[in-house]
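Heads up: the sequence lines are chains A and B, in that order. In terms of my numbering, the first sequence opens at residue -9 and continues consecutively. In terms of my numbering, the second sequence opens at residue -9 and continues consecutively.
Protein chains: 2
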Amino acid sequence: MQNYWWVNHKKTVRQEVEGQYLWSPKTNANGRRNQSYENMREASPGDLVLSYAFGSVGWVGRVTEFAITAPKPEEFRNAGAYWDHEGWLLPVYWTPLTPPVRPKAMIGTLGPLLPKKHAPIAPDTGNGNQNVYLANIGPEAFQEIIASAALDQEALQRGGGNRLTFDVVTEQLNDVAQRWIESDAGLDSTEKETLVRARRGQGVFRKNVEAREVACRLTGITNPALLIASHIKPWRICKTAKERLDGANGLLLTPDADHLFDRGFISFSEGGEVIVSPRVPPDDLRRLGFDQAMQQRGGMAEAPAIWNAGSFDASQAGYLGYHRQQVFIA
Amino acid sequence: MQNYWWVNHKKTVRQEVEGQYLWSPKTNANGRRNQSYENMREASPGDLVLSYAFGSVGWVGRVTEFAITAPKPEEFRNAGAYWDHEGWLLPVYWTPLTPPVRPKAMIGTLGPLLPKKHAPIAPDTGNGNQNVYLANIGPEAFQEIIASAALDQEALQRGGGNRLTFDVVTEQLNDVAQRWIESDAGLDSTEKETLVRARRGQGVFRKNVEAREVACRLTGITNPALLIASHIKPWRICKTAKERLDGANGLLLTPDADHLFDRGFISFSEGGEVIVSPRVPPDDLRRLGFDQAMQQRGGMAEAPAIWNAGSFDASQAGYLGYHRQQVFIA
């Protein structure tokens, strides 16, 4: 289902529009949950977003990827210094709305169309809501805004305009992390090589995983030529050498399973059940061959499909908790 | 089925034993087929090899990977200068045979056990056969040689002794090719970036492939989040920018299909039929979900499974011919 969003950029409008993305922290500064940050991971490719800043909606965006855990793109180059700035990065392709629309001037008709909870501007006064970053506004409010200005619908829908794909973002973060390792004066050359090889699931990390795991948790395959040693907490986001090499931070997965797991399309519950994101069409899962696994293990053929992948020990459970919270696209 | 091999190293014994591999050209210098080079791609993980050089068998090896198209490992660093030295690299884990065994001294009992065709030493005189590199000798001749000396069977069977895995070899070749691109004074920075991004199937290369291919040839999936733009002739082996970016040199494949294709476990016939290597256990294929695809497309559930993947145009056919000859593990 297509969703319609409204973002209150505040001061970052220029970077976010030029950079073709949205970025938010994951929680409030005090660590509390914030629904408008949670909305970042609910946005899906094809959703549309109104860009609001300084009293005007000047851009309309189309979401091009699911949210990715990452620092702000302008901080990628120095990402190692900003790991604590980890947030949700949402790639969005922006198109100008001409002339910009001032919602406050039309609050009489717009107000009743806005949601009662978590509204991005006050439905009565039209004043901005400081506590809201990304708000779900529904199609009527969205149409009301864009109806009074010109928008190049074709440019908005056209694919390929956004370079910031999942692969590009994650590879840039991997490259930055690798450069930080290679320039770390506290590591000798063997330690550096070991950490860098873990990036591709090779060497010491793979051995550490193989000491715990014997088969792919989804397919049961044990043939090493068909298995990837996949990080649970992604290598690009790990903060220490221990996390990058810890056998408890890995699973042996077939390439399809590794891809789905790394992109956050599947995860595992505390009880060892496979959780499948509703964003993956059941027909695609079937074509990937997972309906068979689901049936064999007693799960359902329709998403959200859940079946049991066996038990995990306490150290694996910690990493899996991170994966559910920070990688899985719920 | 386990095979028993005999290699005539000639002068390269030290590099090959220390480096944990065998390496041969793909054909004779005149371009003719040589069965003892073809044997390189028939060797499988778990096969055992006798190392013969200077009149003695001094080592016994266990094959740890299928053969990979690559220059000699000692040339990896300068691989760009050696692309014409492309041959078969076979990772082998070597264990000493103590004391070394001289086959000529036992040719009376050994000779009748050697194969009549392509024997590695003459069955009557025990003199080395210059034209043979890797020979299939069968279990009896193998046992006859090792029976008269001490061999640490446990060390031979132990896994993990060989760093030269498929992933390590191909990543090293990829890294070398990338450094050659980055140091190529004939390319500007945009061209370099475009070529490097093609390594991961991104950017211009992916767009070029998407202009021709709409779905995974094996699963029918069209969801871009589940598809990889996979090179037919591997990026690491391409010799020109044109090959690295050519849309005809790519297919859109799901991660499992990409993995099987890149490792040479599947390929496509001229008529568009999927060819599955007999080295992939049918039960593993089933667990990867390909039995379903096979059934839907009228193929057989037992390997070698063949079903039709649609037609390819002439420019794709050229790259697919390379893949069948140089990548596919027959």
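All residues carry an ideal CB built from backbone N, CA and C; glycine is no exception. The structure displayed is predicted, hence computed values, not measured ones.
Selected residue, minimal CA-CA separation from residue i, among the options
{"i": "residue 11 of chain B", "options": "B:-9, B:-3, B:240, B:212", "result": "B:-3"}
{"i": "residue 40 of chain B", "options": "B:124, B:202, B:32, B:251", "result": "B:124"}
{"i": "residue 0 of chain A", "options": "A:119, A:235, A:240", "result": "A:119"}
{"i": "residue 164 of chain A", "options": "A:175, A:144, A:186", "result": "A:186"}
{"i": "residue 233 of chain B", "options": "B:211, B:267, B:189", "result": "B:189"}
{"i": "residue 309 of chain A", "options": "A:122, A:301, A:239", "result": "A:239"}
{"i": "residue 2 of chain B", "options": "B:141, B:-5, B:43, B:24", "result": "B:43"}
{"i": "residue 216 of chain B", "options": "A:277, A:195, A:167", "result": "A:277"}
{"i": "residue 220 of chain B", "options": "B:204, B:17, B:199, B:210", "result": "B:199"}
{"i": "residue 152 of chain A", "options": "B:138, B:152, B:194, B:156", "result": "B:194"}
{"i": "residue 107 of chain B", "options": "B:317, B:267, B:25, B:180", "result": "B:25"}
{"i": "residue 94 of chain A", "options": "A:154, A:180, A:115, A:75", "result": "A:115"}
{"i": "residue -9 of chain B", "options": "B:33, B:161, B:21", "result": "B:33"}
{"i": "residue 302 of chain B", "options": "B:137, B:143, B:204", "result": "B:204"}
{"i": "residue 121 of chain A", "options": "A:210, A:138, A:37, A:22", "result": "A:22"}
{"i": "residue 254 of chain A", "options": "A:37, A:57, A:17, A:18", "result": "A:57"}
Chain D contact for residue i (CB, 8 Å cutoff)
{"i": "residue 244 of chain A", "result": "Among the chains of the structure shown, chain D does not appear; the protein chains present are A and B."}
Cβ pair residue i, residue j closer than 8 Å
{"i": "residue 298 of chain B", "j": "residue 260 of chain B", "result": "no"}
{"i": "residue 324 of chain A", "j": "residue 59 of chain A", "result": "With chain A represented from -9 up to 320, any question about residue 324 of chain A goes unanswered, as that position is not in the structure."}
{"i": "residue 90 of chain B", "j": "residue 48 of chain B", "result": "yes"}
{"i": "residue 27 of chain B", "j": "residue 15 of chain B", "result": "yes"}
{"i": "residue 326 of chain B", "j": "residue 218 of chain B", "result": "Nothing about residue 326 of chain B can be read from this structure; chain B reaches only from -9 to 320."}
{"i": "residue 53 of chain B", "j": "residue 80 of chain B", "result": "yes"}
{"i": "residue 178 of chain B", "j": "residue 224 of chain B", "result": "no"}
{"i": "residue 243 of chain A", "j": "residue 208 of chain A", "result": "yes"}
{"i": "residue 128 of chain B", "j": "residue 102 of chain B", "result": "no"}
{"i": "residue 145 of chain B", "j": "residue 212 of chain B", "result": "no"}
{"i": "residue 46 of chain A", "j": "residue 92 of chain A", "result": "yes"}
{"i": "residue 117 of chain A", "j": "residue -5 of chain A", "result": "no"}
{"i": "residue 61 of chain B", "j": "residue 9 of chain B", "result": "no"}
{"i": "residue 31 of chain A", "j": "residue 222 of chain A", "result": "no"}
{"i": "residue 206 of chain B", "j": "residue 247 of chain B", "result": "yes"}
{"i": "residue 300 of chain B", "j": "residue 279 of chain A", "result": "no"}
{"i": "residue 184 of chain B", "j": "residue 235 of chain B", "result": "yes"}
{"i": "residue 100 of chain A", "j": "residue 134 of chain A", "result": "yes"}
{"i": "residue 141 of chain A", "j": "residue 50 of chain A", "result": "yes"}
{"i": "residue 65 of chain A", "j": "residue 156 of chain A", "result": "no"}
Min CB distance residue i to chain B below 8 Å
{"i": "residue 253 of chain A", "result": "yes"}
{"i": "residue 278 of chain A", "result": "yes"}
{"i": "residue 4 of chain A", "result": "no"}
{"i": "residue 192 of chain A", "result": "yes"}
{"i": "residue 216 of chain A", "result": "yes"}
{"i": "residue 249 of chain A", "result": "yes"}
{"i": "residue 9 of chain A", "result": "no"}
{"i": "residue 224 of chain A", "result": "no"}
{"i": "residue 15 of chain A", "result": "no"}
{"i": "residue 271 of chain A", "result": "yes"}
{"i": "residue 287 of chain A", "result": "For residue 287 of chain A, the pLDDT reaches just 48, beneath the cut-off of 50, and the residue's location in the model is therefore unreliable, although a value from the coordinates is still provided. With 8 Å as the cut-off, residue 287 of chain A does not count as an interface residue toward chain B."}
Integer Cβ distance of residue i from residue j, believed to fall under 8 Å
{"i": "residue 214 of chain A", "j": "residue 249 of chain B", "result": "At roughly 13 Å, the Cβ-Cβ gap does not stay under 8 Å, so residue 214 of chain A and residue 249 of chain B are not in contact."}
{"i": "residue 202 of chain B", "j": "residue 257 of chain B", "result": "That belief does not hold up - the Cβ atoms of residue 202 of chain B and residue 257 of chain B are roughly 18 Å apart, past 8 Å."}
{"i": "residue 78 of chain A", "j": "residue 170 of chain A", "result": "Going by Cβ atoms, the distance from residue 78 of chain A to residue 170 of chain A rounds to 22 Å, so no, they are not a contact pair."}
Any chain A beta carbon closer than 8 Å to residue i
{"i": "residue 180 of chain B", "result": "no"}
{"i": "residue 210 of chain B", "result": "yes"}
{"i": "residue 274 of chain B", "result": "yes"}
{"i": "residue 20 of chain B", "result": "no"}
{"i": "residue 213 of chain B", "result": "yes"}
{"i": "residue 295 of chain B", "result": "Legend: pLDDT at residue 295 of chain B = 44, less than 50; position of this residue unreliable, no value from coordinates given."}
Check: What are the residues of the segment 50 to 62 of chain B that lie near chain A, defined by any Cβ-Cβ distance shorter than 9 Å?
Finding: 55, 56
Margin query: What are the residues in the segment 153 to 170 of chain A lying within 9 Å of chain B by C-beta distance?
Written below: 153, 155, 156, 157, 158, 161
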